[in-house]
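Chemist: Structure provided below as structure tokens; questions to follow.
And the structure:
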């Protein structure tokens with residue numbers, strides 16, 4: 003997606019150690035026009051999957067996933083990192099290591115909003131090592147729902163996440179794939 | 003906003019102790035069509051404020067604030083609860099007590115995305131005691147920006163948040179105001 007790549011080149015900052023800062027349009031500030039285009043592009047790629055729900059993880063997955071959910075007209079569920087007092091007992095819970103935060107987080111989804119009859123698309127901001135996405139995949143498996151697609155706004159191809167998800171045999175779509183940060187540059 | 007009130011009456015659950023569960027359309031699962039209407043209504047009420055940025059707090063404020071930001075075509079900044087490695091040093095930081103979680107959280111905004119020349123609308127999911135919103139107000143004050151409006155999807159009028167913000171002398175808009183939970187009912 004050229005518009006996204008242009009934005010990454012213009013505003014993204016490589017901070018070293020494989021970390022890309024895109025806080026100006028996705029991870030702290032959100033560019034709503036860009037998110038709308040991101041949502042449209044996901045919707046175009048996933049429109050034939052007969053999905054019934056989109057699943058993401060708080061926090062940074064919410065904006066791109068909501069943009070797509072608006073166009074596909076599907077309910078969006080975001081996995082919580084802490085169980086709120088409003089959540090029913092015995093939620094689906096999986097552990098994931100956060101790459102950029104270096105900490106372990108729980109991802110928690112209530113069975114009220116993920117059913118065995120669902121066809122689920124997982125959407126997130128990044129596909130890197132796929133640790134967060136693998137936790138979401140496990141949550142979908144626990145629910146008995148069928149996972150029909152995975153999407154990420156930005157992929158770091160060199161971190162192996164796509165390979166780790168290949169066994170699922172479903173479409174995996176990223177809108178901008180970074181091949182390397184060689185020479186401290188963003189290389190698509 | 004009648005559509006929202008109908009949704010609250012249909013799907014909201016009063017859990018006691020002043021806590022309203024709206025996890026089916028805002029706080030865990032998001033109804034994108036409803037959020038779009040919420041965004042439109044905020045945009046209609048705030049369109050003449052000449053705002054330059056919208057500020058919310060992760061997590062549940064993001065969806066309604068993004069829906070509004072898409073229509074007003076304004077950048078949306080969400081305050082982080084933990085400082086990510088990508089954030090610049092010396093961010094604006096304020097402490098707030100979470101009503102539903104019973105815990106203290108930090109709200110953190112980078113000075114990169116909140117400038118003295120900004121005109122800011124604060125949007126959040128709930129206006130109850132206004133503890134979160136007061137922390138956001140303090141962040142806007144720290145930045146030197148001008149706060150021009152405050153909006154919340156659902157207000158619990160009996161918790162005094164609106165009164166606590168009155169001194170600001172700016173428009174405070176909620177789309178559904180709950181007067182009481184008397185008789186374990188949701189009373190608008």
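Residue numbers (this note's numbering), protein chains in the order written: chain A, 3 to 190; chain B, 3 to 190. Ideal Cβ placement from N, Cα and C applies to all residues, glycine included. Treat the numbers as computed from the prediction; the structure is a model and nothing was measured.
Shorter than 8 Å from the beta carbon of residue 79 of chain A to some beta carbon of chain B?
Modeler: True, the Cβ-Cβ gap to chain B drops below 8 Å.
Chemist: Could you give the distance in angstroms between the alpha-carbon of residue 8 of chain A and the alpha-carbon of residue 27 of chain A?
Modeler: Their backbone Cα atoms lie some 12 Å apart in a straight line.
Chemist: DSSP three-state call for residue 95 of chain A: helix, strand or coil?
Modeler: If DSSP states are grouped into helix, strand and coil, residue 95 of chain A belongs with the strands.
Chemist: Which residues in the same chain as residue 47 of chain A place their Cβ atom closer than 6 Å to its Cβ, once the five residues preceding and following it in sequence are excluded?
Modeler: Result list for residue 47 of chain A: 175, in chain order.
Chemist: Relative to the alpha-carbon of residue 31 of chain A, which residue among A:56, A:5, A:64, A:16 has its alpha-carbon at the smallest distance?
Modeler: If we check each option's Cα against that of residue 31 of chain A, A:64 comes out closest.
Chemist: Which runs of the beta strand (DSSP E) at least 3 residues long sit entirely within the segment 97 to 166 of chain B? Give them in chain order.
Modeler: Fully enclosed beta strand (DSSP E) runs of 3 or longer: 106 to 111, 121 to 129, 148 to 158.
Chemist: Let me confirm a value: residue 18 of chain B is counted as buried when at least 16 other C-beta atoms fall within 10 Å, else exposed. Which label applies?
Modeler: By the 10 Å Cβ count, residue 18 of chain B comes out exposed.
Chemist: Assuming the contact rule is C-beta atoms closer than 8 Å, residue 51 of chain B and residue 150 of chain B should be a hit. Round their C-beta distance to whole Å, please.
Modeler: Between residue 150 of chain B and residue 51 of chain B the Cβ distance is about 4 Å, and since that is below 8 Å, they are a contact.
Chemist: Taking a cut of 9 Å between CB atoms, which residues from the segment 141 to 172 of chain B lie near chain A?
Modeler: Listed by position, the residues of the segment 141 to 172 of chain B near chain A (Cβ gap below 9 Å) amount to none.
Chemist: What's the gap between the Cα of residue 111 of chain A and the Cα of residue 24 of chain A?
Modeler: So the two alpha carbons sit approximately 27 Å from each other.
Chemist: For a contact meaning CB atoms closer than 9 Å, what does residue 115 of chain B contact in chain A?
Modeler: The contacting residues are 25, 26, 30, 31.
Chemist: Between A:56, A:165, A:156, A:171, which lies nearest to residue 192 of chain A when the distance is taken from Cα to Cα?
Modeler: This structure cannot settle anything about residue 192 of chain A, because the visible part of chain A is limited to 3 through 190.
Chemist: Mind listing which residues of the segment 86 to 102 of chain A have their C-beta closer than 8 Å to chain B's C-betas, in chain order?
Modeler: Listed by position along the chain: 86, 87, 88, 89, 102.
Chemist: Assuming residue 64 of chain B is part of the alpha helix (DSSP H), what are its boundary residues?
Modeler: Residue 64 of chain B -> alpha helix (DSSP H) spans 64 to 74.
Chemist: Starting from residue 11 of chain A and walking both ways along the alpha helix (DSSP H), at which residues does that stretch end?
Modeler: From DSSP, the alpha helix (DSSP H) with residue 11 of chain A extends over 4 to 13.
Chemist: Note down, in chain order, each residue of its chain lying with its Cβ closer than 6 Å to the Cβ of residue 137 of chain A, except the 5 sequence neighbours on either side.
Modeler: Cβ neighbours of residue 137 of chain A beyond the five flanking positions: 96, 98, 109.
Chemist: The beta strand (DSSP E) spanning residue 190 of chain B covers which residue range?
Modeler: Per DSSP, residue 190 of chain B belongs to no beta strand (DSSP E) and is neither H nor E.
Chemist: In this structure, does DSSP put residue 80 of chain A in helix, strand or coil?
Modeler: Residue 80 of chain A falls in the strand class under three-state DSSP.
Chemist: Can you tell me where the alpha helix (DSSP H) with residue 60 of chain B in it begins and where it stops?
Modeler: Here residue 60 of chain B belongs to no alpha helix (DSSP H), and DSSP marks it neither H nor E.
Chemist: In terms of alpha-carbon separation, which member of B:54, B:147, B:45, B:85 lies closest to residue 107 of chain B?
Modeler: For the residues B:54, B:147, B:45, B:85, the minimum Cα distance to residue 107 of chain B belongs to B:85.
Chemist: Could you check the C-alpha separation between residue 78 of chain B and residue 140 of chain B for me, to the nearest Å?
Modeler: Roughly 17 Å separates the two Cα atoms.
Chemist: Measure the alpha-carbon distance for residue 181 of chain B versus residue 158 of chain B and round it to whole angstroms.
Modeler: Using only the alpha carbons, I get a separation of about 6 Å.
Chemist: Return the chain-ordered list of same chain residues with a C-beta closer than 8 Å to the C-beta of residue 49 of chain B, the five sequence neighbours on each side being excluded.
Modeler: 74, listed in sequence order.
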